Structures are given as C-alpha cells and as structure tokens.
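Structure, as structure tokens:
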Amino acid sequence: MKKILLAVTGSVAVIKIKELQKLLSKSYEVKTIVSEYVKENFDEVKELNYIDEEKNLSSFPKHIQLAK
56 MKKILLAVTG SVAVIKIKEL QKLLSKSYEV KTIVSEYVKE NFDEVKELNY IDEEKNLSSF
116 PKHIQLAK
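To convert a position in the sequence shown, counted from 1, into the working numbering, add 55.
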C-alpha cells in the first residue's frame, strides 16, 4: 500500500483534516504529524489522529520525510 504523510503546520480546520485522513486512508497508509505551534495554539488538534513523535517514519520515502 502506498504511504502518505500529512504535516499540519498552521491554523487549519480540524474537521477538514479529519475528512482528508478518512478519504486518503482508503488508498494510502496515512500518518499525520502536527507542528508544535499547532499543538500549543489549537485545542481542536486533540481530535486528530496524529503521531506525536517522528517514530516509524523511516519506511516513508525520503522526499516525503523532508517535506515535513
């Protein structure tokens, strides 16, 4: 299965990211990371299914890792 990494770095609507995760998960293995800025400033981010640490990302393509 193809893999995709979502990086949430700014003020985004959590519901839109949740919808995107659901849509992409039909065709991809989806991992989501969230910037410290978003974690500190947007309580809604707790609703997202994201990985807190950048572990288990080594299996993702290098160019995707660099995009975070």
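Heads up, the beta-carbon is just placed ideally off N, CA and C, and yes, glycines get one too. Bear in mind the structure is a predicted one, so any value in this text is a computation, not a measurement.
Give me the DSSP bridge partner(s) of residue i.
| i | result |
| --- | --- |
| I59 | V85 |
Alpha helix (DSSP H) containing residue i: first to last residue?
| i | result |
| --- | --- |
| E95 | 91 to 96 |
| E77 | It is worth fixing the name first, because residue 77 is Lys in this sequence and not Glu. Residues 69 to 79. |
Quick one: using the 10 Å Cβ neighbour count with 16 as the cut-off for buried, is residue i buried or exposed?
| i | result |
| --- | --- |
| L78 | exposed |
| K81 | exposed |
| K101 | exposed |
| T64 | exposed |
| L121 | Bear in mind that the predicted position of L121 carries a pLDDT of just 44, short of 50, making it too unreliable to give a figure here. |
Within 8 Å (strictly less), CB to CB, does residue i reach chain D?
| i | result |
| --- | --- |
| K86 | The structure shown has no chain D; it contains just one protein chain. |
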